[in-house]
(Lines of atoms letter the chains of each structure in order from A; the text may use other names.)
(Lines give C-alpha, C1' and ligand atoms only; values in the text may rest on other atoms or scores of the structure.)
Protein backbone atom coordinates (compact mmCIF):
# COMPACT_ATOMS: atom_id res chain seq x y z
CA UNK A 14 0.00 0.00 0.00
CA UNK A 15 1.34 3.40 -0.98
CA UNK A 16 1.44 6.12 1.69
CA UNK A 17 0.29 9.65 0.95
CA UNK A 18 2.19 12.62 2.25
CA UNK A 19 0.05 15.49 3.50
CA UNK A 20 1.76 18.85 3.89
CA UNK A 21 -0.03 21.47 5.92
CA UNK A 22 1.02 25.09 5.75
CA UNK A 23 0.51 27.45 8.67
CA UNK A 24 -2.55 29.64 8.04
CA UNK A 25 -1.76 33.22 7.05
CA UNK A 26 -4.03 34.68 9.76
CA UNK A 27 -3.24 33.58 13.32
CA UNK A 28 -4.40 34.45 16.83
CA UNK A 29 -2.20 36.74 18.97
CA UNK A 30 -1.05 33.78 21.08
CA UNK A 31 0.38 32.05 18.01
CA UNK A 32 1.92 35.26 16.68
CA UNK A 33 3.55 35.81 20.06
CA UNK A 34 4.98 32.30 20.07
CA UNK A 35 6.38 32.84 16.59
CA UNK A 36 8.06 36.19 17.26
CA UNK A 37 8.66 36.27 21.00
CA UNK A 38 6.17 39.00 21.93
CA UNK A 39 3.49 38.78 24.60
CA UNK A 40 -0.15 39.06 23.58
CA UNK A 41 -0.25 42.35 25.50
CA UNK A 42 2.68 43.76 23.50
CA UNK A 43 1.01 42.80 20.23
CA UNK A 44 -2.27 44.37 21.37
CA UNK A 45 -0.45 47.59 22.33
CA UNK A 46 1.16 47.80 18.87
CA UNK A 47 -2.33 47.51 17.35
CA UNK A 48 -3.86 50.08 19.72
CA UNK A 49 -1.03 52.57 19.12
CA UNK A 50 -1.60 52.39 15.37
CA UNK A 51 1.74 50.78 14.60
CA UNK A 52 -0.08 48.01 12.76
CA UNK A 53 -2.51 48.67 9.91
CA UNK A 54 -6.01 47.20 10.06
CA UNK A 55 -6.70 45.02 7.04
CA UNK A 56 -2.98 44.62 6.39
CA UNK A 57 -1.40 43.39 9.61
CA UNK A 58 -4.55 42.50 11.54
CA UNK A 59 -8.32 42.23 11.20
CA UNK A 60 -11.33 41.50 13.36
CA UNK A 61 -12.64 37.99 12.69
CA UNK A 62 -16.40 37.30 12.53
CA UNK A 63 -16.25 35.85 16.06
CA UNK A 64 -14.95 39.17 17.42
CA UNK A 65 -11.32 38.09 17.92
CA UNK A 66 -8.35 39.86 16.40
CA UNK A 67 -6.23 37.81 14.02
CA UNK A 68 -2.86 38.76 12.58
CA UNK A 69 -1.24 38.10 9.21
CA UNK A 70 2.07 36.64 10.34
CA UNK A 71 3.94 37.12 7.04
CA UNK A 72 3.04 40.82 6.89
CA UNK A 73 3.88 41.19 10.58
CA UNK A 74 7.28 39.66 9.88
CA UNK A 75 7.79 42.15 7.03
CA UNK A 76 6.81 44.98 9.38
CA UNK A 77 9.29 43.76 12.00
CA UNK A 78 12.12 43.64 9.50
CA UNK A 79 11.17 47.02 8.05
CA UNK A 80 10.93 45.67 4.51
CA UNK A 81 7.25 46.28 3.75
CA UNK A 82 4.15 48.05 5.07
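Numbering (our numbering), first residue to last: 14 to 82. Ideal placement from N, C-alpha and C gives every residue a C-beta, glycine not left out.
Looking at the unbroken alpha helix (DSSP H) that takes in residue i, where does it start and where does it end?
i	result
residue 73	70-78
residue 52	Neither: residue 52 is in no alpha helix (DSSP H) and is coded neither H nor E.
residue 32	29-36
To which residues of the same chain is residue i closer than 6 Å at the C-beta, ignoring the five residues directly before and after it?
i	result
residue 47	58
residue 23	none
Residue range of the beta strand (DSSP E) that residue i falls in?
i	result
residue 60	58-60
Please return the same chain residues whose Cβ sits closer than 7 Å to the Cβ of residue i, not counting the five positions on each side in sequence.
i	result
residue 77	36
residue 61	67
Next item on the list: Would you be able to state if there are at least three C-beta pairs under 8 Å between the stretch 20-38 and the stretch 58-69?
Entry: A contact is defined here as three or more CB-CB pairs under 8 Å, and the stretch 58-69 meets this definition with respect to the stretch 20-38.
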